[in-house]
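A.B. asks:
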Amino acid sequence: MDYVQAIVDGLLFGAVYALIGIGFTLIFGVMNKINMAYAAASFAGAYVSLGIAQVVGLSGDFGLPPFVMFLVSAVAGGVFAYIVYLICFRFTPDHYELASLMATIGTLLMVDEMVVQATNGEPQNYPEVLQGIFDNPMLEFSEEFAIRGDLLTLFIVAVIATLGLLWVLFRTKLGLATRAVAQQRMAAQLCGIRVDRTNATTFVIAGVLGGLAGAMIGAVVGTLLQSLVVIPLTIKGLIVTVIGGLGSIPGAIVGGLMVGAFENVFLAIRGVTERDMYVMLLLFVFLAFRPQGLFGRVAVRD
Amino acid sequence: MLEIKTLSKHFGGVRAVDELDFTVRQGEIFGLIGPNGSGKSTTVNLVTGIFPPTAGEIIFDGRDITTAQPHVTLDAGIARTFQNIRLFNNMTVWENLWVAQNSAEDKKATNLLSRWMGGSRKAKSQVEEYLEFSALADKRDELAGNLAFGEQRRLEVARALAAKPKMVLLDEPAAGMNREEVRALDERLRALKARGITVLLVEHVMELVMEVTDRIAVLNFGQKIAEGTPSEIQNNQAVKDAYLGTSGD
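Chains A and B are the protein sequences, given in the same order. When you read off a place in the first sequence, starting at 1, and then add 728, the result is the number in my numbering. When you read off a place in the second sequence, starting at 1, and then add 2, the result is the number in my numbering.
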């Protein structure tokens, strides 16, 4: 049946939405501020990896192995995230959330425009580096049902990245400091934690995840088109965080998979032009009936 | 050890702390008391760098920490607890202590790996010691947010100690405790003193303050109205007036 196929494809692709949602949620968790430029900076990372592949690669085919593509994109995503931290958060007033919110919206639009300038607004072929790692191109289970090998690879990479993040958060002192700042900032400072450094590190980690997500989206779709990735994925990342609950990592994971499945079902029913409209509808349903999201707690701060 | 010199903090027109002077000597338990809103917590916040003073100086251990940030005051050797408990509620008891323990360790850590990754066995065994000291060993895996109120207060004191301070500022550690818990706290404060840790105790529970402190300063409307030994304070007319409200409103 079509819907099973659509849902499974959507769940697999939803893993990148989960990664982007985790990035938003991490930053919100430690700073209690929204970084609207997060997804844009991550995709800037993906464009950098594309640019490097085009320069290094032989004409026609891309000369970089997938591992290197993803690494470049992840590192560039981390660097851009750090720059966003410096210009939008580090020196803006701490108790004035609007200042950094507006700064990040400005950065989002600026990054969007920079990508337009760099690509003339045209779609850029992205090497389909995820192809062929599993059976090419499909693992066929029956006449009606098959799993795309590249989607499965994407899903596995996303799971590994998420497990890596959880390991850092819950098994290292760096993660301990991050959680301490997120839970009780003032006490964390008085336990000797440098809050500004912890914030910066969190931005870099989120940026690395975002850069990875950007590269994988490029690799699965086969192209990067600014008008389809930069702002739309910012919005989808926000939807994922709202559905999961701001600040909740399990929420971002479930929210990401849900959005992936949901949009694919509507893609099957209503086609690509109407798809995002229904995803937005999901946002309003949650904001109206469960504003704290699936896993969020009703905010209490002293 | 801690010298407060003509320290003032104004919030708008309110003089929360007004030209305050006192000195805490090395190794003593110094009480800071006064009616609600007399500037005790503001003083603690000034010393730990939560906000900068309007005027005056704070000298700790010969070092000027007047405008130091919180993590710098910790580096200098001051740890604290909060009147409204500020634990890491979604971490276990053990992790709460581990956070503070690491800050003490990391001053020595030279490379990023040891600062970011695991932690030494020795550091972990020291956390055990603070668990024992605060009688929380059997609660080590509980989330701090699920502890009983008295246990949370104990954990906060233990967390302050885990940062290996020379001095701890305790902001109403006995608030909401029953008689038995206060007695245990009394013993714990004496144990701190025996370890050579200087204590600044902000407290409303008078039996504790009068019992355990070496000297006391009394604040009212941000100013010091008396300073002396517990018995001197108990017989001070200005203090009685402040607590009975005859001098204020």
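Positions of the beta carbon are idealized from the N, C-alpha and C atoms, including for glycine.
(1) Please return the same chain residues whose Cβ sits closer than 7 Å to the Cβ of L739/A, not counting the five positions on each side in sequence.
(2) Please classify E130/B: is it buried, with 16 or more other beta-carbons within 10 angstroms of its beta-carbon, or exposed?
(3) Indicate whether at least one CB of chain A lies closer than 8 Å to the CB of M93/B.
(4) Under three-state DSSP, which class holds G33/B?
(5) Contact defined as beta carbons within less than 8 Å: I believe L778/A pairs with G946/A. What is the distance between those atoms, to the nearest angstrom?
(6) Who are the near neighbours of I235/B in its chain, counting only those whose CB is closer than 7 Å to its CB and skipping five residues on each side?
(7) Within the continuous alpha helix (DSSP H) that includes D924/A, where are the two ends?
(8) Could you name the residues that DSSP lists as bridge partners for R123/B?
(9) Taking just the CA atoms, how far does T75/B sit from G147/B?
(10) Which same chain residues, not among the five before or five after G788/A, have their C-beta less than 8 Å away from its C-beta?
(11) Mind checking L786/A: buried by the 16 CB within 10 Å criterion, or exposed?
(12) Take S233/B and list the residues in its own chain whose beta-carbon comes closer than 7 Å to its own, dropping the five residues that flank it on each side.
(13) What residues in its chain sit with their C-beta under 6 Å from that of G36/B, if we drop five residues either side in the sequence?
(14) Under the DSSP definition of a beta bridge, which residues are partnered with F13/B?
(15) Within its chain, find whatever has a CB closer than 7 Å to the CB of T962/A; leave out the 5 residues flanking it on each side and keep chain order.
(16) Could you tell me the distance, in whole angstroms, from the CA atom of G749/A to the CA atom of Y854/A?
(17) Strictly below 9 Å CB to CB, what residues from chain A border I199/B?
(18) From which residue to which residue does the beta strand (DSSP E) around I60/B run?
(19) Leaving out the 5 sequence neighbours to the left and right, which residues in its chain are closer than 6 Å to M1005/A when beta-carbon positions are compared?
(20) Cβ closer than 8 Å: which chain B residues qualify as neighbours of A908/A?
(21) Classify D173/B as helix, strand or coil using the three-state DSSP reduction.
(22) Give me the chain B residues within the contact set of G935/A, using Cβ-Cβ distance strictly less than 9 Å, ordered along the chain.
(23) Taking T44/B and K7/B to be in contact with their CB atoms under 8 Å, please state how far apart those CB atoms are, rounded to whole angstroms.
(24) Name the residues in the region 154 to 175 of chain B whose C-beta lies less than 9 Å from a C-beta of chain A; which are they?
C.D. replies: Looking at the atomic coordinates:
(1) L985, G988 and A989
(2) exposed
(3) yes
(4) strand
(5) 7 Å
(6) I218, V220, A228 and V241
(7) V923 to V949
(8) Paired residue(s): none; R123/B is not in a bridge.
(9) 26 Å
(10) Residue placement at G788/A cannot be trusted, given a pLDDT of 46 that sits under 50; what the coordinates show is reported in the next sentence. None.
(11) At L786/A the pLDDT is 43, less than 50, meaning the model places this residue with poor confidence and gives no usable figure here.
(12) none
(13) K42, V220, L221 and N222
(14) V16/B
(15) M764, A767, A768 and L836
(16) 23 Å
(17) Here the premise fails: no neighbours, minimum Cβ distance about 16 Å.
(18) A57 to F62
(19) none
(20) F90, M93 and V101
(21) strand
(22) Ordered by position in chain B, no residue passes the 9 Å Cβ test against G935/A, which lies about 17 Å from the chain.
(23) With a Cβ gap of about 16 Å, T44/B and K7/B do not count as contacting.
(24) E158, R161, A162, A164 and A165
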